[in-house]
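Asks: Below: one structure in structure tokens.
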Amino acid sequence: MLGLDDSGKTTILYKLKLGDFVATVPTIGFNVESVEYKNIRFNVWDLGGQDMIRPLWRHYYRNTRVLIFVVDSNNKRRIYQARNELHRLINEDELSDATILIFANKQDLPGAMHVSEVADKLKLHTISQRRWHIQSTCAKTGQGLNEGLIWLTNNIPDKVAQTNSCISIPARRICEAKC
Numbered sequence: 025m026l027g028l029d030d031s032g033k034t035t036i037l038y039k040l041k042l043g044d045f046v047a048t049v050p051t052i053g054f055n056v057e058s059v060e061y062k063n064i065r066f067n068v069w070d071l072g073g074q075d076m077i078r079p080l081w082r083h084y085y086r087n088t089r090v091l092i093f094v095v096d097s098n099n100k101r102r103i104y105q106a107r108n109e110l111h112r113l114i115n116e117d118e119l120s121d122a123t124i125l126i127f128a129n130k131q132d133l134p135g136a137m138h139v140s141e142v143a144d145k146l147k148l149h150t151i152s153q154r155r156w157h158i159q160s161t162c163a164k165t166g167q168g169l170n171e172g173l174i175w176l177t178n179n180i181p182d183k184v185a186q187t188n189s190c191i192s193i194p195a196r197r198i199c200e201a202k203c
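So that you can map any letter, position 129 of the sequence shown is 153 in this note's numbering, and since no number is skipped, the others follow by simple counting.
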């Protein structure tokens, strides 16, 4: 799980793992947890998003089947930086087969961009030959998180699901959760 610092990656990870909101501090390095959903185990690596840590992301690409990219929907100032990082990741050879799930997080905040605006600013419409999905989320309440995982689990071929790997078939949708 990648994204800029303060986008809510660690909060999402522990909401999925524990079912509760956990106050977090900025991740220096990584957190790793297994999250089970509908009999599928996702091994989730939550990597810090600070400028100085981002160059280390590439050391975690190997064997990645799903890239969860988290965006702070309330931070209009950094949305273009998030777009640049996402598109850089999409162009990485080791991630060429990874399915992309984008969580447009912090939808509970009054100034948050609508998920369609986030999709537009991230230029998701330019992503071709890739499987992707954007889901509006509130990490604190958990709204939208299960819907994102449902999209993943509904698109994993049976033979791959049995190996606890995650691969999806092509899809391009924008989903909105009400926070």
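Note that CB positions come from ideal geometry on N, CA and C, so glycine has one too.
To the nearest angstrom, how far is it from the Cα of A128 to the Cα of S58?
Replies: The count along the sequence shown starts at 1 and reaches residue 128 at position 104. The count along the sequence shown starts at 1 and reaches residue 58 at position 34. Between A128 and S58, the C-alpha separation is close to 22 angstroms.
Asks: Near I126, what residues of its chain come up, given a Cβ to Cβ distance below 6 angstroms and the 5 sequence neighbours on each side ignored?
Replies: On the sequence shown, residue 126 is found 102 positions in, with the first residue counted as 1. Cβ neighbours of I126 beyond the five flanking positions: F93 and I158.
Asks: Please check the pair L80 and L26, which I expect to be a contact at CB under 8 angstroms, by giving their CB distance rounded to whole angstroms.
Replies: Locating residue 80 in the sequence shown gives position 56, counting from the first residue. Locating residue 26 in the sequence shown gives position 2, counting from the first residue. Between L26 and L80 the Cβ distance is about 11 angstroms, and since that is not below 8 angstroms, they are no contact.
Asks: Using the three-state DSSP reduction, which class does T123 fall into: helix, strand or coil?
Replies: Looking up residue 123 in the sequence shown gives position 99. It is a strand residue.
Asks: For the alpha helix (DSSP H) containing H111, name the first residue and the last one.
Replies: Along the sequence shown, read from residue 1 onward, the residue named residue 111 stands at position 87. Note, H111: alpha helix (DSSP H), I103 to I114.
Asks: Within the same chain, show all residues whose beta-carbon is closer than 7 angstroms to that of R86, passing over the 5 residues directly before and after it, in chain order.
Replies: Residue numbering aside, residue 86 sits at position 62 when the sequence shown is read from its first letter. Result list for R86: E118, in chain order.
Asks: Give the DSSP-derived three-state secondary structure of K39 in the structure shown.
Replies: Within the sequence shown, residue 39 is the residue found at index 15, counting from 1. In this structure, K39 counts as helix in the three-state DSSP scheme.
Asks: Could you give the first and the last residue of the continuous beta strand (DSSP E) run that contains N55?
Replies: For the purposes of this step, residue 55 is taken as residue 31 along the sequence shown, with counting starting at 1. Per DSSP, N55 belongs to the beta strand (DSSP E) from F54 to Y61.
Asks: By DSSP, does I151 sit in helix, in strand, or in coil?
Replies: By 1-based counting over the sequence shown, the position of residue 151 is 127. It is coil, neither helix nor strand.
Asks: Where does A128 sit, in a helix, a strand or coil, going by DSSP?
Replies: Taking the sequence shown and counting its residues from 1, one reaches residue 128 at position 104. Correct three-state label for A128: strand.
Asks: Per DSSP, which residues does S160 bridge with? Please list them.
Replies: Position 136 of the sequence shown holds residue 160. Its beta-bridge partners are A128.
Asks: How many Å lie between P134 and Q74 at the Cα?
Replies: Position 110 of the sequence shown, counted from the start, is the residue given in the question as residue 134. Position 50 of the sequence shown, counted from the start, is the residue given in the question as residue 74. When rounded, the distance between both Cα atoms is 25 angstroms.
Asks: What is the residue span of the alpha helix (DSSP H) that D144 lies within?
Replies: Taking the sequence shown and counting its residues from 1, the one referred to as residue 144 is at position 120. Here the alpha helix (DSSP H) through D144 covers V139 to K145.
Asks: As a quick exercise: from Y61, T165, T123 and E60, pick the residue whose alpha carbon is nearest that of G32.
Replies: Position 8 of the sequence shown, counted from the start, is the residue given in the question as residue 32. Answer by Cα proximity: T165.
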